[in-house]
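Below is one structure, written out as structure tokens; comments come after it.
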Amino acid sequence: MNKPDRQAPAVAIAVIGAGIAGLTVAATLRKIGARVEIYEQAEAFTPVGAGVQLTPNAMKVLAGLGQAEHIRRVGFTPDVGYNREWDTGEITYLHPMGSAIEQRFGAPDISLHRAQLHAALASINPPASMHFNKRLMGLDRAGGGGLRLSFADGSKACADAVVGADGVHSTVLDILFGHGRPRFTGQVAYRAVYPTAYATLRY
Ligand SMILES: Cc1cc2nc3c(=O)[nH]c(=O)nc-3n(C[C@H](O)[C@H](O)[C@H](O)COP(=O)(O)OP(=O)(O)OC[C@H]3O[C@@H](n4cnc5c(N)ncnc54)[C@H](O)[C@@H]3O)c2cc1C
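Numbering (the numbering used here), first residue to last: 463 to 665.
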């Protein structure tokens, strides 16, 4: 039986995009020994987005990354979820949340601002692994079985594997499959941000 080669260098993985998915997958891959570099097109992180709901399965991933307690502290645990008619406000469904969800699924359901989640995920990735101003433009096979990445600023990088975490307008998806453009379904949901003090209002 072959013994594992303890001297083998760690696999080098390039993650494209430093959003929620990219930062999560990078931290997770690093935990299992991969060398991970993250390439992000933006110049820097800015606090964008609105409310994000983290269901228990997501909270279990964050617990594995050591972030569950921090997220619980900065987030909000709703007692109940309301479904209402859009025009009359009539309640059509009351969904028990809070401790009911935690007891049933073994992890809480937390709501928080996307920027808080993003900051928590950024904090567990070494700053030296994050490369800003790197908009991926091209991806092809290099000699020796690796992959070569080309960026808009003319620079290049190599990796054993690439993870496309570059969002809904994914360049990686476009390069690999040529149909990265999202299809508008005609459905729109409006969202808003308001002070958590209002969260206790019942009307
Ligand atoms: C207002 C709002 C509220 C939401 N609420 C919820 C919610 O309650 N629950 C929930 O589950 N989901 C929610 N979502 C959806 C959720 O936020 C997204 O599904 C999630 O953020 C997508 O993460 P991502 O990392 O795949 O993409 P993104 O967060 O879009 O990140 C992609 C990153 O890739 C970078 N990038 C793009 N192209 C390139 C390139 N060529 N080269 C290098 N970098 C590139 C981008 O700059 C970006 O930083 C919400 C979304 C919005 C907008």
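Glycine included, C-beta positions come from ideal geometry on N, C-alpha and C.
Computed from a predicted model, the values in this text were never measured in an experiment.
In the three-state reduction of the DSSP assignment, Arg643 falls in the coil class, being assigned neither a helical nor a strand state. At least one heavy atom of ligand 1 lies less than 7 Å from the C-beta of Gly481. Linking Thr554 to Tyr652 through their CA atoms gives a straight-line distance of about 19 Å. Comparing C-alpha distances from Asp636 to each of Met599, Ser612, Gln578 shows the shortest one belongs to Met599. In terms of CA proximity to Val510, Ala581 leads the group Tyr544, Asp549, Ala581.
Take the alpha-carbon of Ile500 and the one of Leu583: they are about 13 Å apart. Secondary structure in the stretch 526-602: the beta strand (DSSP E) runs of 3 residues or longer, each lying completely within the stretch, are 542-546, 553-558, 572-575 in chain order. Gly551 has its alpha-carbon roughly 42 Å from the corresponding atom of Ala488. Taking non-hydrogen atoms of ligand 1 into account, the C-beta of Ala504 is found less than 7 Å away from one of them. Cβ neighbours of Asp615 within its own chain (closer than 8 Å, five residues either side excluded): Asn595, Lys596, Arg597. Under the three-state reduction of DSSP, Arg653 is assigned to coil, being neither helix nor strand.
Comparing C-alpha distances from Gln529 to each of Gly607, Arg603, Ile572, Ala590 shows the shortest one belongs to Ile572.
DSSP places Ile482 in the uninterrupted alpha helix (DSSP H) bounded by 482-493. The residues Val536, in chain order, have a CB closer than 6 Å to that of Gln578 in the same chain once the five nearest residues on each side in sequence are set aside. For Lys618, the beta-bridge partners assigned by DSSP are Ser612. A distance criterion of 7 Å places the beta-carbon of Leu609 beyond contact range of ligand 1, judged by its closest non-hydrogen atom. Of the residues assessed, Asn545 falls on the exposed side of the cut-off, its CB having fewer than 16 other CB atoms within 10 angstroms.
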